[in-house]
Amino acid sequence: MTAPGRTILNVESPHYPSLLLRHPGNPILTRKDWPYSINSVFNAGATLLPDGTTLLLCRVEERRGLSHLCAARSRNGVDGWQIDREPTLLSNPQQYPEEIWGIEDPRITFVPELQQYAVIYTSYSRGGPGVSLALTKDFRSFERYGVIMPPDDKDSALLPRRIGGYWALIHRPMTNLGAHMWISYSPDLRYWGRHRLMLEARRGAWWDANKIGLSPPPIETSRGWLVLYHGVRHTPSGCLYRLGLALFDIENPEKCLLRGDSWIFGPDADYERHGDVNDVVFPCGYTMDADGDTINIYYGAADCSIALARASVRALLAWLDANGSCERRQRAEDL
Ligand code: BMA
């Protein structure tokens with residue numbers, strides 16, 4: 008018996024739509040491409056430079072196990088990468104003790120008001136991962152702001168403009184409530200407050216139970232902020248990192264408008280399934296094509312390489328319309 012009005016799932020259809028299409032040249036960057044000795048390259052922030060060059064700010068791990076950031080530039084965003092001959096941004100634990108165990112997973116946002124790129128990255132401190140900020144005009148020199156969210160916090164990006172007069176930062180603090188996405192506001196990028204829960208990890212058997220976190224910076228659309236987030240499922244053979252979709256109000260980004268129930272992209276190709284950490288797809292950046300619809304999503308694969316997948320923003324929104332719901336996300340009793 009099915010209750011009247013309940014949707015019946017079509018069990019006849021085993022096909023999920025392919026919203027993110029892998030580039031046939033994947034993985035597009037591996038340690039073999041590097042001009043100096045490294046263990047692995049993965050989780051890269053991405054942006055377009057004024058001349059149309061794609062810049063990736065890659066997380067590079069060396070054999071001590073610590074990471075730094077290194078820039079790679081390409082005319083077409085696929086191949087012909089010009090990689091900096093030495094690390095572009097190294098941790099500086101003398102001045103920034105929170106970076107003692109390296110810096111990881113950058114997200115880049117171009118901020119028109121500042122005419123600079125904001126790079127938000129994980130600083131790995133003795134107290135665990137924290138969120139740090141640096142501004143740059145050219146990815147050669149950086150103005151460091153230091154740690155802006157103390158440990159344990161990560162998976163963070165800045166929105167490109169102020170909301171109601173304040174800068175807005177999405178991040179993922181670990182609290183007794185779990186690993187959920189939060190948003191915080193600042194008048195000056197240094198002092199942060201008005202912390203709000205934005206999206207919760209689900210529970211139990213869900214693909215995004217246990218832990219979620221922002222993947223690339225949110226994509227601004229006419230419908231709202233389109234957010235690709237990763238969900239982590241613990242399994243007896245390790246963690247599974249997959250991607251889901253949600254949409255947030257443009258002027259009130261803590262308000263979730265739609266959230267998809269199913270994941271839309273997960274480890275499948277060999278380079279995603281096997282590596283230093285198996286079964287991980289982890290995008291930290293995207294670029295938008297001139298058509299204003301195609302996004303190039305750069306993701307770390309199995310903590311070993313960088314891969315590229317393409318998607319249509321229109322198709323992602325259409326999928327959310329068909330598969331998303333707008334349940335209330337913030338449970339007052341949890342706050
Ligand atoms: C997450 C982050 C990522 C990493 C992933 C899988 O917690 O640390 O940098 O890619 O785990 O190891």
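For the sequence shown, this note's numbering assigns the number 8 to the initial residue and increments by one for each residue that follows. Every residue, glycine too, gets a C-beta built ideally from N, C-alpha and C.
- Rounded straight-line distance, which links the Cα of residue 305 to that of residue 325: Straight across, the Cα-Cα distance linking residue 325 with residue 305 is about 22 angstroms.
- Item | beta strand (DSSP E) segments (min. 3 residues) lying fully within the stretch 45-84 | Entirely contained in the stretch 45-84, the beta strand (DSSP E) runs reaching 3 residues are, in chain order, 47-55, 61-68 and 74-81.
- Query: Per DSSP, what kind of secondary structure is residue 111 in: helix, strand or coil?
  - Reply: Of the three classes helix, strand and coil, the one that applies to residue 111 here is strand, per DSSP.
- Message: My assumption, with CB atoms under 8 angstroms, is that residue 240 sits in contact with residue 214. Please give the rounded CB distance.
- Response: So it is a contact: roughly 5 angstroms between Cβ atoms.
- Would you call the stretch 76-92 and the stretch 114-122 in contact, with 3 or more CB pairs under 8 angstroms? Using a Cβ-Cβ distance cut-off of 8 angstroms, the stretch 76-92 and the stretch 114-122 are not in contact, since fewer than three pairs of beta carbons, one from each stretch, lie closer than that value.
- Message: Following a CB-centred definition, is residue 320 positioned closer than 7 angstroms to any heavy atom of ligand 1?
- Response: Exclusion of residue 320 from the 7 angstroms shell around ligand 1 follows from its C-beta lying no nearer than that to any non-hydrogen atom of the ligand.
- Which ranges does the beta strand (DSSP E) cover as unbroken runs of at least 3 residues, wholly within the stretch 236-282, from first to last along the chain? Segments of the beta strand (DSSP E) lying fully in the stretch 236-282: 245-255 and 263-267.
- Could you pull out every residue in the same chain whose Cβ sits closer than 7 angstroms to the Cβ of residue 7, ignoring the five residues on either side in sequence? It is not possible to answer for residue 7, since the shown part of the chain is limited to 8 through 342.
- Query: So what's residue 104 in DSSP terms, helix, strand or just coil?
  - Reply: If DSSP states are grouped into helix, strand and coil, residue 104 belongs with the helices.
- Task: Taking 8 angstroms as the cut-off, decide whether the C-beta atoms of residue 62 and residue 56 are in contact.
- Result: Closer than 8 angstroms, so yes.
- Query: Just the Cα atoms here: how many angstroms apart are residue 17 and residue 269?
  - Reply: At residue 17 the pLDDT is 40, less than 50, meaning the model places this residue with poor confidence and gives no usable figure here.
- Item | Whole-number beta carbon distance between residue 206 and residue 253, since they are thought to touch under 8 angstroms | About 6 angstroms separates the two Cβ atoms, so the contact holds.
- Task: Would you give the residue range spanned by the alpha helix (DSSP H) that residue 303 belongs to?
- Result: Where residue 303 is concerned, there is no enclosing alpha helix (DSSP H), although the beta strand (DSSP E) it sits in stretches over 301-308.
- Query: Beta carbon of residue 284: closer than 7 angstroms to some heavy atom of ligand 1?
  - Reply: For ligand 1, at least one heavy atom lies less than 7 angstroms from the Cβ of residue 284.
- Taking 7 angstroms as the cut-off, does the CB of residue 50 come closer than this to any heavy atom belonging to ligand 1? Result yes, Cβ under 7 angstroms from ligand 1.
- Is it the case that the Cβ atoms of residue 289 and residue 248 are separated by a distance below 8 angstroms? Yes, Cβ-Cβ distance for residue 289 and residue 248 is below 8 angstroms.
- Message: On the DSSP bridge list, what partners appear for residue 150?
- Response: In DSSP, residue 150 forms a bridge with 142.
- Roughly how many angstroms lie between the CA atoms of residue 144 and residue 22, to the nearest whole one? Roughly 45 angstroms separates the two Cα atoms.
- Task: Quickly, what does DSSP pair residue 160 with across the bridge? List them, please.
- Result: 180, per the DSSP bridge assignment.
- Item | Three-way DSSP call (helix, strand, coil) for residue 326 in this model | Residue state, collapsed to three classes: helix.
- Task: Flag this pair as touching only if the stretch 272-280 and the stretch 256-264 have three or more C-beta atom pairs under 8 angstroms; answer yes or no.
- Result: No, the stretch 272-280 does not touch the stretch 256-264.
- Task: Pull up the DSSP beta-bridge partners for residue 188, would you.
- Result: Residue 188 is bridged by DSSP to 206.
- What is the rounded straight-line gap between the Cα of residue 12 and the Cα of residue 322? Residue confidence is low: residue 12 scores 39 on pLDDT, short of 50, so the model does not pin down where it sits. No coordinate-derived value is stated.
- Count the CB pairs spanning the stretch 312-321 and the stretch 29-37 that are closer than 8 angstroms, and state whether there are at least three. Touching, yes, given that three or more Cβ pairs across the two stretches are closer than 8 angstroms.
- Query: By Cβ distance, which residues of its chain are closer than 7 angstroms to residue 245, with the 5 residues on each side in sequence left out?
  - Reply: Here the set comprises 285 and 286.
- Can you give me the Cβ contacts of residue 40 inside the same chain, cut-off strictly under 7 angstroms, excluding the 5 residues immediately before and after it? The residues 88 and 90, in chain order, have a CB closer than 7 angstroms to that of residue 40 in the same chain once the five nearest residues on each side in sequence are set aside.
- Over the uninterrupted beta strand (DSSP E) stretch that includes residue 227, give me the two end residues. Under the DSSP assignment, residue 227 falls in the beta strand (DSSP E) whose first and last residues are 226-228.
- Beta-carbon spacing of residue 147, residue 161 below 8 angstroms: Taking the C-beta atoms as reference points, residue 161 is found no nearer than 8 angstroms to residue 147.
- 7 angstroms CB neighbourhood of residue 202 in its chain, flanking five on each side removed: Contacts found: 189 and 191.
- Query: Is residue 111 near ligand 3, going by C-beta to nearest heavy atom under 7 angstroms?
  - Reply: With respect to ligand 3, the structure shown offers nothing to examine, as its ligands consist of ligand 1.
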